[in-house]
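Visitor: Right, I'll just put the structure down here and ask away after.
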Amino acid sequence: MHVLITGGAGFIGSHLAEAYLQRGDWVTVIDDLSTGSIRNINHLKSNERFAYVIDDVCHARVTAELVDMADVVFHLAAAVGVKLIVERPVHTITTNLEGTEVVLEQASKKSKKVIIASTSEVYGKSESFPFNEEQDLVIGATRRARWAYACSKAMDEFMALAYHRERNLPATVVRLFNTVGPRQTGRYGMVIPTFVDQALRNKPITVYGDGKQRRCFGHVFDTVKCLVALAEHPGAIGKVVNIGSQHEISILDLAKLVIKITDSRSEIKFVPYEEAYAEGFEDMMRRIPDTSRLKELVGFAPEISTAEIIQSVVDDRRHRSHLR
Ligand code: UDP
């Protein structure tokens, strides 16, 4: 099988590429390296079944050619990370909308299977827990930049489902919840790599707000297993599916766990949201996926524990930067 991964030099994309190569499949990656990094795919370059193109998915002619060669397309290229979204809203909106439009259009011309990566952000401020794929999405005011991400991704979902209904495109939308693991950078604000880097340097751990906000963190290996299984399942076509873990932890407890695992001398520093992000920033106090649809389809959901996830990020950091 030939797999095309847009955003394949990114954190999740590079792990997905690796998984398909390990199965003996052929993989092509397209990435403009805006948030992805060539370092994420360097180790794959010597594999004869691997190819990569450094370009923007919005370039329809390039994407068309790559889609043509593929049996299945994973569209992961997107502007990600709350920090980036708040700082560069124009880039976020245009990248997310245009890129998906090009991928869907090209895939529909050739009737290629497409998996569109969406995000748990689309649930927004909903307080109906756990988040189920069929429930209403609750998005904040348009003057608050964060919501541009949720809205652009919700539009991507509408587009994917519309192509499926109207043009018979075999498309699946996956809503990825907080995903963590080796190679993820803290540069775009992601909390676990940020906390681990701070802890390994014995620097203060920056807990935003009061730290009572809760998240469920899934390991990227589990996420990739789910992506591969969903792409193979005919029942996933035309559906929106959550991918995430149900192990919930508050950000304050997460900071304490990181300190314990790294045996760090770091202290916890509470940082007001206005200082961490722009003024008027809204955070979600809780985010937990309903994974019953995922389990029904593929038989499992992400299970790797938060402690193991932290440990894998610590191992990755120590391995790469010899911090200790
Ligand atoms: N967070 C934090 N300190 C940091 C980075 C993030 O307390 O240095 C918090 C952030 O405000 C949010 C949670 O950790 O409540 C998860 O943030 P992340 O950006 O990783 O993902 P999100 O769930 O916001 O998409």
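Start counting the sequence shown at 0; every next residue gets the next number (numbering that gives the first Met the number 0).
Beta carbons are placed, not taken as given, at the ideal position from N, Cα and C, and that holds for glycine.
Every value quoted in this text rests on a predicted model; they were computed, and no experiment measured them.
#1: Which complete alpha helix (DSSP H) runs does the segment 122–183 hold, if anything under 4 residues is left out?
#2: Threshold first: 4 residues or longer. Then list the alpha helix (DSSP H) segments lying entirely within the segment 223–280, N to C.
#3: Measure the beta-carbon distance from I37 to V52 and round it to whole angstroms, keeping in mind my assumption that it falls under 8 Å.
#4: Can you determine whether any heavy atom of the ligand UDP sits closer than 7 Å to the C-beta of R214, and answer yes or no?
#5: Where N167 and K112 are concerned, what is the direct C-alpha to C-alpha distance, given to the nearest angstrom?
#6: Give the single residue among A106, H318, I40, V313 whose Cα lies nearest to the Cα of A59.
#7: For Y148 and I84, which I take to be in contact (beta-carbon distance under 8 Å), what is that distance rounded to the nearest angstrom?
#8: Closer than 8 Å, CB to CB, is V312 near chain C or not?
#9: Rounded to whole angstroms, what's the CA-CA distance from K82 to I204? Just pull it up for me.
#10: Under 8 Å, do C215 and E266 count as touching if we go by C-beta distance?
#11: State the Cα-Cα distance for the pair F130 and S291, rounded to the nearest angstrom.
#12: In chain order, what residues of the same chain have a beta carbon less than 8 Å from the beta carbon of K124, not counting five sequence neighbours either side?
#13: Return the CA-CA distance between G234 and V2, expressed in angstroms with no decimal places.
Guide: So, from the data block:
#1: 145–166
#2: 250–261, 272–275
#3: Working through the sequence shown from its first residue, we reach residue 37 at position 38. Working through the sequence shown from its first residue, we reach residue 52 at position 53. With 8 Å as the limit, I37 and V52 do not qualify as a contact, their Cβ atoms being about 12 Å apart.
#4: On the sequence shown, residue 214 is found 215 positions in, with the first residue counted as 1. Within the cutoff, so yes.
#5: For this step, residue 167 is matched to residue 168 along the sequence shown. For this step, residue 112 is matched to residue 113 along the sequence shown. The alpha-carbon atoms of N167 and K112 are separated by roughly 10 Å.
#6: In the sequence shown, counting from the first residue as 1, residue 59 sits at position 60. By alpha-carbon distance to A59, the top candidate from A106, H318, I40, V313 is A106.
#7: Your numbering for residue 148 matches position 149 in the sequence shown. Your numbering for residue 84 matches position 85 in the sequence shown. Yes, they are in contact, since the Cβ atoms of Y148 and I84 sit about 4 Å apart, within 8 Å.
#8: Chain labels in this structure do not include chain C; a single protein chain is all it has.
#9: Taking the first residue of the sequence shown as 1, we reach residue 82 at position 83. Taking the first residue of the sequence shown as 1, we reach residue 204 at position 205. Near 17 Å, if we compare the C-alpha coordinates of I204 and K82.
#10: Within the sequence shown, numbered from 1, the residue matching residue 215 stands at position 216. Within the sequence shown, numbered from 1, the residue matching residue 266 stands at position 267. No, these two residues do not count as a Cβ contact at 8 Å.
#11: Along the sequence shown, one-based indexing puts residue 130 at 131. Along the sequence shown, one-based indexing puts residue 291 at 292. If you take the alpha carbons of F130 and S291, they lie about 11 Å apart.
#12: For the purposes of this step, residue 124 is taken as the residue at position 125 of the sequence shown. Closer than 8 Å at the Cβ level, and outside the excluded window around K124, lie V137, I138, G139, E281, M283.
#13: Within the sequence shown, residue 234 is the residue found at index 235, counting from 1. Within the sequence shown, residue 2 is the residue found at index 3, counting from 1. For G234 and V2, the distance between alpha carbons rounds to 20 Å.
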